[in-house]
Amino acid sequence: MVTVWGRNNSTNVKKVLWCLEELNVSYERIDVGGQYGKLNEPLYRSLNPNGLIPCLQEEDFILWESNTIVRYLAAKYGEDTLYLSDTRARASAEKWMDWVTSGMSVPFKAAFIGLVRTPPDQQDKAKIAEGVEQLNALMTIADSAIKDQPYFSGDKFGIGDIPLGCFAYAWFNMPIVRPELPHLQRWYHSLTQRAAFQKVIAIGIS
Numbered sequence: 001m002v003t004v005w006g007r008n009n010s011t012n013v014k015k016v017l018w019c020l021e022e023l024n025v026s027y028e029r030i031d032v033g034g035q036y037g038k039l040n041e042p043l044y045r046s047l048n049p050n051g052l053i054p055c056l057q058e059e060d061f062i063l064w065e066s067n068t069i070v071r072y073l074a075a076k077y078g079e080d081t082l083y084l085s086d087t088r089a090r091a092s093a094e095k096w097m098d099w100v101t102s103g104m105s106v107p108f109k110a111a112f113i114g115l116v117r118t119p120p121d122q123q124d125k126a127k128i129a130e131g132v133e134q135l136n137a138l139m140t141i142a143d144s145a146i147k148d149q150p151y152f153s154g155d156k157f158g159i160g161d162i163p164l165g166c167f168a169y170a171w172f173n174m175p176i177v178r179p180e181l182p183h184l185q186r187w188y189h190s191l192t193q194r195a196a197f198q199k200v201i202a203i204g205i206s
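Just so you know, full-length UniProt numbering puts 89 at position 89 of the sequence shown, and the rest follows in order with no gaps.
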């Protein structure tokens, strides 16, 4: 049995849940983090000494870092579906996973935490505006990159689409001004039609 530790409104937890749903892998989820706490309890720290979510538990195998978990699940359960057998195709898809983590995490946190999880009278408007500006610039890069292909994973949906898809859901639903990005919007619309996306991603932002 696969167990996912983490609250379902965490963007990083959503990556793992989405992957599992796409692969039709049975799992259970345990709420930790955010309003549920428990991240500093000895039990959880024994699983993930960083005290962060998500954490994957599969019998005696423990794994953390959301992108690594997605890669593992795809390799184990998704041969020739989410997992691309061609080395170059897989690397091209995976670069978008790391691009999201390295470039988008900081401005996303500034915008999302600032707008969605901070009371209006406590919001840092300048910090939020800076985060939104940086996010919009990054999404513009993504829009250009996908103009000649349906997915960031290539010709079909794959692991390269999952991290950015999670961030894109929040980006498209935050109360911000967004540039017109037709290629990205076309890609995002295709994601919204997927049953797994509807089940674990499109649950509102909070």
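All residues carry an ideal CB built from backbone N, CA and C; glycine is no exception.
Positions of the alpha helix (DSSP H) runs, each at least 4 residues long and wholly inside the UniProt domain "GST C-terminal" (86 to 206), are given as 87 to 99, 105 to 116, 125 to 145, 162 to 173, 182 to 192, 195 to 200 in order along the chain.
The residues 15, 66, 67, 70, 96, 97, 100, 101, in chain order, have a CB closer than 8 Å to that of residue 163 in the same chain once the five nearest residues on each side in sequence are set aside. The C-beta distance from residue 174 to residue 141 rounds to 19 Å, too long to fall under 8 Å, and the pair is not in contact. DSSP, read as helix, strand or coil, puts residue 32 in coil. Under the Cβ criterion (8 Å, minimum of three pairs), the stretch 48 to 66 does not count as touching the stretch 133 to 140. With fewer than 16 other beta carbons inside 10 angstroms of its own, residue 87 counts as exposed.
Separation of residue 148 and residue 36 (C-alpha to C-alpha, rounded to the nearest whole angstrom) is 43 Å. Annotation for residue 62: the continuous beta strand (DSSP E) segment containing it runs 61 to 64. The Cβ atoms of residue 160 and residue 172 do not sit closer than 7 Å to each other.
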